[in-house]
Structures are given as C-alpha cells and as structure tokens.
Amino acid sequence: MEQFRKQTAIIAVLVVLIACSAWYAKKFNDQTKGVSKITETTKKVNETTNYFVEARNSRDNQLSAHKQELQNIINSKNSTKQAIAEAQAKLILLADWADKQARVEQLAKQRGFEDAVCFINENGVELCVKSAEALTSEQAAQLMDDVVRTTSISPTKIIIKTQK
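Just so we're aligned: the sequence shown equals residues 2 to 165 in this note's numbering.
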C-alpha cells in the first residue's frame with residue numbers, strides 16, 4: 002500500500018511538471034512570435050540597406066581593379082607611349098566619374114532620400130534611390146536635373162530607379 006502511494010505521488014508530480022512545462026512552452030512560443038515579426042522587419046530593412054552597401058562595394062571593387070590594371074600598364078616597361086597615354090587618360094576619367102557619382106549620391110540624399118547609389122560609365126548614368134514608393138514626376142525631374150547638371154550627360158542616357 003505504501004508503495005502504491007509513492008507511485009501515485011511520483012505520477013502526480015510528473016503530471017504537474019508536464020503541465021508546467023506545457024504552460025512555459027506556450028508562453029515562450031507566444032513571445033517568440035513577436036520576436037519573429039521583429040526579425041522579419043529587420044531582415045527587410047537589412048536587405049534594402051544591403052543592396053546599397055553591396056552595390057557601392059561592388060562598384061568600388063571594380064573601380065579599384067580597373068585602376069590597378071591601368072597602373073600596371075603605366076608602370077610596365079613594355080608599354081608603348083600611346084598605351085601609357087591612354088591608360089593615364091582612362092585613370093583621369095575614372096577619377097572624374099567617381100567624383101561625380103559621389104556628388105550625385107549626395108544630392109539625392111539632400112533631396113530627402115535615405116540612400117542612393119550612382120553608376121556612371123561610357124553608356125550613361127544609373128541612379129538608384131531608396132524610396133518606399135514610386136517617385137513623383139517632380140522628384141524624378143529634380144533628380145534628373147541634378148544628374149544632368151553634375152555629369153553633363155544627356156537625359157536620354159540617364160536611368161533613375163527606386164529600391165525599397
């Protein structure tokens with residue numbers, strides 16, 4: 002009989018422990034739902050931020066690699082005078098584009114956009130601004146004017162787009 006009471010007491014304690022663990026699990030899961038919503042929002046913000054950071058880093062890496070190639074041509078003993086002159090001219094052009102890209106990005110930020118990235122090459126200009134909504138015609142015209150004034154590139158060779 003005494004052994005039956007011990008077994009009953011042990012079973013009762015185990016049932017109470019299981020009930021407590023189920024209650025804590027439910028409470029913990031309810032709290033994690035809020036955390037997952039915050040995490041999803043953070044991921045969306047980071048994806049957008051990452052786009053601009055990654056685009057800028059990619060552009061800068063390509064620029065550095067291109068500059069290094071041109072420096073190698075300039076410093077090579079095997080390069081002709083014409084090749085050296087062309088490499089120097091391209092270096093000057095790349096520096097000019099980098100300066101204009103930075104100025105266009107700064108102007109876009111001054112217009113109230115949170116972030117911007119600009120790409121300039123021989124084919125034209127591509128400007129991407131961070132905006133939750135589509136650009137109004139006034140915003141697009143202002144950005145276009147800033148790009149044209151800064152780069153002296155024809156509006157037909159300028160692309161302006163948004164990224165959320």
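Even glycine gets a Cβ: it sits at the ideal position worked out from N, Cα and C.
Please read all numbers here as calculations on a predicted model, not as lab measurements.
Separation of residue 102 from residue 87, as counted between CA atoms: In the sequence shown, counting from the first residue as 1, residue 87 sits at position 86. In the sequence shown, counting from the first residue as 1, residue 102 sits at position 101. Roughly 22 angstroms between the two C-alpha positions.
Mind checking which residues open and close the alpha helix (DSSP H) that includes residue 106? Position 105 of the sequence shown holds residue 106. Residues 82-111.
Output yes or no for whether 8 angstroms exceeds the beta carbon distance between residue 163 and residue 138. Numbered from its first residue, the sequence shown carries residue 163 at position 162. Numbered from its first residue, the sequence shown carries residue 138 at position 137. No, these two residues do not count as a Cβ contact at 8 angstroms.
For residue 100, count neighbouring C-beta atoms within 10 Å of its own C-beta (all shown protein chains included) and say buried if the count is 16 or more, exposed if not. Taking the first residue of the sequence shown as 1, we reach residue 100 at position 99. Residue 100 is exposed by the Cβ-count criterion.
For the region 54-70 and the region 114-122, state whether three or more C-beta atom pairs, one from each stretch, are separated by less than 8 angstroms. yes
Nearest by alpha-carbon distance to residue 66: which of 92, 81 and 51 is it? Along the sequence shown, read from residue 1 onward, the residue named residue 66 stands at position 65. Of the listed residues, the one whose Cα sits closest to residue 66 is 92.
If I measure Cβ to Cβ from residue 40 and keep anything under 8 angstroms in the same chain, skipping five residues before and after, which residues do I get? Taking the sequence shown and counting its residues from 1, one reaches residue 40 at position 39. For residue 40, the predicted model reports a pLDDT of 48, less than 50, meaning its position is unreliable and no value from the coordinates is stated.
Given residue 85, which residues of its chain have a CB within under 8 angstroms of its CB, disregarding the five upstream and five downstream residues? To locate residue 85, count along the sequence shown from 1; it is residue 84. Answer for residue 85: 74 and 75, listed in chain order.
Can you list, in chain order, the residues of its chain whose CB lies under 6 angstroms from that of residue 71, leaving out five sequence neighbours each side? Looking up residue 71 in the sequence shown gives position 70. The answer, listed in chain order, is 88, 91 and 92.
Given a threshold of 16 other Cβ atoms within 10 Å of its Cβ, counted over all protein chains shown, does residue 152 qualify as buried or as exposed? For the purposes of this step, residue 152 is taken as the residue at position 151 of the sequence shown. So residue 152 counts as buried.
Please report the straight-line C-alpha distance between residue 144 and residue 128, rounded to a whole angstrom. Here residue 144 refers to the residue found at position 143 when the sequence shown is read from its first residue. Here residue 128 refers to the residue found at position 127 when the sequence shown is read from its first residue. Spanning the two alpha carbons is a distance of roughly 9 angstroms.
Using the C-alpha atoms, what's the distance from residue 80 back to residue 109? Here residue 109 corresponds to residue number 108 of the sequence shown, with the count starting at 1. Here residue 80 corresponds to residue number 79 of the sequence shown, with the count starting at 1. Near 41 angstroms, if we compare the C-alpha coordinates of residue 80 and residue 109.
With a threshold of 7 angstroms on Cβ separation, who are the neighbours of residue 83 within its own chain once the five nearest residues in sequence on each side are excluded? Position 82 of the sequence shown, counting from 1, holds the residue named residue 83. Correct list: empty, nothing qualifies.
Whole angstroms is fine: what's the gap from residue 140's alpha carbon to residue 156's? If you number the sequence shown from 1, residue 140 lands on position 139. If you number the sequence shown from 1, residue 156 lands on position 155. One C-alpha to the other measures close to 15 angstroms.
From this set, 77, 150, 51 and 165, which residue's C-alpha is nearest residue 134's C-alpha? As a position in the sequence shown, residue 134 is number 133, starting the count at 1. That would be 165, whose Cα lies nearest to the Cα of residue 134.
Please state whether the Cβ-Cβ distance between residue 125 and residue 78 is less than 8 angstroms. In the sequence shown, residue 125 corresponds to position 124, counting from 1. In the sequence shown, residue 78 corresponds to position 77, counting from 1. Going by C-beta atoms, residue 125 is not nearer than 8 angstroms to residue 78.
Unbroken alpha helix (DSSP H) run spanning residue 141, endpoints: Residue mapping note: residue 141 aligns to position 140 of the sequence shown, counting from 1. Its alpha helix (DSSP H) spans residues 138-152.
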